[in-house]
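Colleague:
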Amino acid sequence: MSDALSAIPAAVHRNLSDKLYEKRKNAAIEIENTVKLLIAAGDHDKISKVIDVLIKEFAKSPQANHRKGGLIGLAAVTVGLATEAAQYLEQIVPPVIDSFTDQDSRVRYYACEALYNIAKVVRGEFILFFNKIFDALCKLSADSDANVQSAAHLLDRLVKVWIVFSYTLVDIVTESDQFSIEEFIPLLKERMNVLNPYVRQFLVGWITVLDSVPDIDMLGFLPDFLDGLFNMLSDSSHEIRQQADSALSEFLQEIKNSPSVDYGRMAEILVQRASSSDEFTRLTAITWINEFVKLGGDQLVRYYADILGAILPCISDKEEKIRVVARETNEELRSIHVEPSDGFDVGAILSVARRQLSSDHEATRIEALNWISTLLNKHRTEVLCFLNDIFDTLLKALSDSSDDVSFTSMSVSLVVLLVLEVHAGVAKDPQYFRHLIVFLVHNFRADNSLLERRGAIIVRRLCVLLDAERVYRELSTILEGEDNLDFASTMVQALNLILLTAPELSKLRGLLKGSLINREGRELFVALYASWCHSPMAIISLCLLAQAYQHASVVIQSLVEEDINVKFLVQLDKLIRLLETPIFTYLRLQLLEPGRYTWLLKTLYGLLMLLPQQSAAFKILRTRLKTVPTYSFSGGGDQISRASSGVPFSQYMNHHEDDDAEDINITSSHQGINFAARLQQFENVQSQHRIQARNNVKYTYTTSSSSTSKEVKRSEDEEEEQHKPPPSSRSSSVADNSRPPSRSSRKGP
């Protein structure tokens, strides 16, 4: 106590701890005057004793009023020291900073006031404690007491804006060589994810001020707090969002004007923020990525895959502004010319594109396919190395469900068209061509709906992108050995319909029309025939297209009762209607010369006899045949007689054409086609179909019968026994049913 009295008079000591502010203030003035006298006398030891008393007896006292007095006393000492205060800051400032965490809000308030007065005196020397003061102010900015917040705000303004004495942070920082931005940034980064709005405003304010100081390179440390700024863009406070956006805009402008920027670290942050649930954050992130792609150059090569992964989903964003910027960025990225030797990872880009093919949004899937196509064109060798990783995904994309782009008479997804273009690009290499067709047939077999909905457009598009003849030959080869006969029949019928109707296959149809007069057409006819055997109507159509009318007639005569089912009649109905289309104009014109094209006439009459008389197709064909002119028969009675009588089917295997004009032409041009062997091939395949049909019926019957109880069976047997016809009529009926149909019943007219 004696030390205290010797340093500070008793009256001053008493008033400094008084509960009344005025008395404490007067005591502080006395201390200030005392310190001035001691400075004038050069008595630094006594000054130190005064400071020690203020700290021990007052600032660290358990009494709140004593602590308040201690704080105001320390500020008074600093004012009294004036220019000599710097050498005592190590004693004065720490207890003031410690008081920022005092439990009493009034003590915290006076701590802010004291430090404010100390800072005004010491100016640049104040920065020695900058990090500790920053940490304390950060906490006080969210203080529960409004007066403390206000005091902290005033203290904060002292070091950031011009005040009465024109002292700013710029003045203080530039006057001091003790401020270390390297030590400050970790402190800033640690607090950037705080959610309190007052703290956020405090932090953004500091970032903005520090960035405005020319001698502080905040741009170099931007990756450390960039994520925190982006996090503030989704704040509920409009003011905070605006401040964060303003700061980010300023930094982006600096990036554009800076020759050296660490794009890589920031790119990682932007990629994450581009998928934010907040719309404004996504827009800002994708805008930054757009600028980075334009400015980053080689620095971003190894981040291209991540950037692409952020861009593609944004292309389908619900906000139009985001979609526009994302598309622009995507085009910019795709136009950059880089090589794998530069660090460009083709596999990573393909992996991103493959994942985005599963997106729910068509626009994203389309751009993913465009990327695969671009990579295939620019880096074909590298893409083919990763083909196994993306092939299955590409095939699944053929089942794309979006249908909003019209393609001729069909509604088909643009995604499907692009998938086919990618597949065609891969299939330019022979080793991948068969791989593609095999997988395509496998998918058709596994997914009947794909064949029904997309089969026609897939085949037609492949015929455009690849060679139509090559595609059909490969499909025929695969289907020839197909074990699933029902699928083979369905697939052949689909291919046959495409062949007869698709504009893209007009050249192929022209080649087949010349099957009897040129080698290429003949080879194609034989190649298709092998698989077309799975469908009688497809074979007949192929023969009509190839003008092999005699063989068509014989195929019709070879049909048996089992072949004439509902499916067959449906296919026949389609063929009759197709005969009235422009594709078969040549055939209808040939009817003007029935004497020359007797086998054509016989074929058409054969088809007519297979149709139910009440069907529309029957009426169409009958009407057409009625138009055949009678004058063309004059002078050709023998021909008509021979043609009408036909060639017995049993003799066809060894039959040679007649010597009339048509037969001479056919004989000379069919030397490369063994029609007898072709017919045998057709019958063998159809025999397999009949056996399978019988087995299916038998299996169905067996399954149905096994589910019936024995009592029910016995009851049915007894009922049948009661209704049986006499033995003689029953045996006669069985004999009639077991007798094979006569050959004449299978002939045409």
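Numbering (full-length UniProt numbering), first residue to last: 1 to 749.
Even for Gly, the Cβ is constructed at its ideal location relative to N, Cα and C.
Indicate whether L475 and R509 have their beta-carbon atoms separated by less than 8 Å.
Modeller: no
Colleague: Exposed or buried, which one is M218 when buried takes at least 16 other CB atoms within 10 Å?
Modeller: buried
Colleague: Within the same chain, show all residues whose beta-carbon is closer than 8 Å to that of M192, passing over the 5 residues directly before and after it, in chain order.
Modeller: L203, F225, D227, G228, L229 and N231
Colleague: Pull up the distance between the alpha-carbon of D18 and that of V121, whole angstroms please.
Modeller: 26 Å
Colleague: For W288, which residues in the same chain have their Cβ closer than 7 Å to its Cβ, ignoring the five residues on either side in sequence?
Modeller: The answer, listed in chain order, is L252 and L270.
Colleague: Is the distance from the Cβ of L485 to the Cβ of Q680 below 8 Å?
Modeller: no
Colleague: For the alpha helix (DSSP H) containing H153, list its first residue and its last residue.
Modeller: A146 to L158
Colleague: Going by DSSP in three states, K19 sits in which element: helix, strand or coil?
Modeller: coil
Colleague: What are the boundary residues of the alpha helix (DSSP H) that K256 is part of?
Modeller: H238 to N257
Colleague: Look up K294 in the DSSP assignment and say whether it is helix, strand or coil.
Modeller: helix
Colleague: For the alpha helix (DSSP H) containing M232, name the first residue and the last one.
Modeller: Secondary structure note for M232: its alpha helix (DSSP H) is the uninterrupted segment L222 to M232.
Colleague: Whole angstroms is fine: what's the gap from E84's alpha carbon to L283's?
Modeller: 54 Å
Colleague: Excluding the 5 residues flanking K321 on each side, which residues of the same chain have their C-beta closer than 7 Å to its C-beta?
Modeller: Counting only Cβ-Cβ distances below 7 Å, and skipping sequence neighbours, we find L283.
Colleague: Can you give me the start and stop residues for the alpha helix (DSSP H) that E504 sits inside?
Modeller: Careful: E504 lies outside any alpha helix (DSSP H) and carries neither H nor E.
Colleague: Closest to K189 by CA distance: which of C138, A146, D156 and N147 is it?
Modeller: C138
Colleague: Quick check on R191: does DSSP put it in helix, strand or coil?
Modeller: helix
Colleague: Mind the definition here: the region 495-514 touches the region 549-559 only if three or more C-beta pairs lie below 8 Å; say whether that holds.
Modeller: Judged by Cβ distances under 8 Å, the region 495-514 makes no contact with the region 549-559, as fewer than three pairs qualify.
Colleague: The alpha helix (DSSP H) spanning Q91 covers which residue range?
Modeller: L89 to D98
Colleague: Just to confirm the assignment, what range does the alpha helix (DSSP H) spanning Q299 have?
Modeller: Looking at the DSSP string, Q299 is not in any alpha helix (DSSP H), and its letter there is neither H nor E.
Colleague: Just to confirm the assignment: which complete alpha helix (DSSP H) runs, minimum length 4, are found wholly within the region 445-477?
Modeller: 448-465
Colleague: Report the rounded CA-to-CA distance for M491 versus I458, giving the unit in angstroms.
Modeller: 13 Å
Colleague: List the whole-angstrom C-beta distance separating S373 from G425, where the pair is believed to meet the contact cut-off of C-beta under 8 Å.
Modeller: 6 Å
Colleague: What are the boundary residues of the alpha helix (DSSP H) that I539 is part of?
Modeller: P536 to A546 is the extent of the alpha helix (DSSP H) around I539.
Colleague: What separation, rounded to the nearest whole angstrom, lies between the Cα atoms of L248 and N257?
Modeller: 14 Å
Colleague: Got a sec, what are the start and stop residues for the alpha helix (DSSP H) H361 sits in?
Modeller: Taken as a continuous stretch (DSSP letters only), H361 belongs to no alpha helix (DSSP H), as it is neither H nor E.
Colleague: Determine the closest residue to A693 out of L610, A427, K619 and E561, with distance taken between C-alpha atoms.
Modeller: E561
Colleague: Applying the 10 Å Cβ sphere with the 16-neighbour rule, what's the burial state of N443?
Modeller: buried
Colleague: S535: buried (16+ other C-beta within 10 angstroms of its C-beta) or exposed?
Modeller: buried
Colleague: Express the C-alpha separation of V464 and K396 in angstroms, rounding to a whole number.
Modeller: 21 Å
Colleague: Keeping to the same chain, check which residues put their C-beta closer than 6 Å to that of S641; ignore five residues upstream and five downstream.
Modeller: Legend: pLDDT at S641 = 39, less than 50; position of this residue unreliable, no value from coordinates given.
Colleague: Please state the DSSP three-state secondary structure of D342.
Modeller: Here D342 sits in helix by DSSP.
Colleague: Alpha carbon to alpha carbon, what distance is there between V35 and G42?
Modeller: If I take the Cα positions, the gap works out to 10 Å.
Colleague: With DSSP run on the structure shown, which of helix, strand or coil describes E593?
Modeller: coil
Colleague: Got a sec: is the Cβ-Cβ distance from L74 to anything in chain B below 8 Å?
Modeller: No chain B appears in the structure shown, which is made up of a single protein chain.
Colleague: Within the same chain, show all residues whose beta-carbon is closer than 6 Å to that of M653, passing over the 5 residues directly before and after it, in chain order.
Modeller: Note that M653 scores a pLDDT of 42, beneath 50, so its modelled location is shaky; the value from the coordinates is reported in the next line. Answer for M653: A676, listed in chain order.
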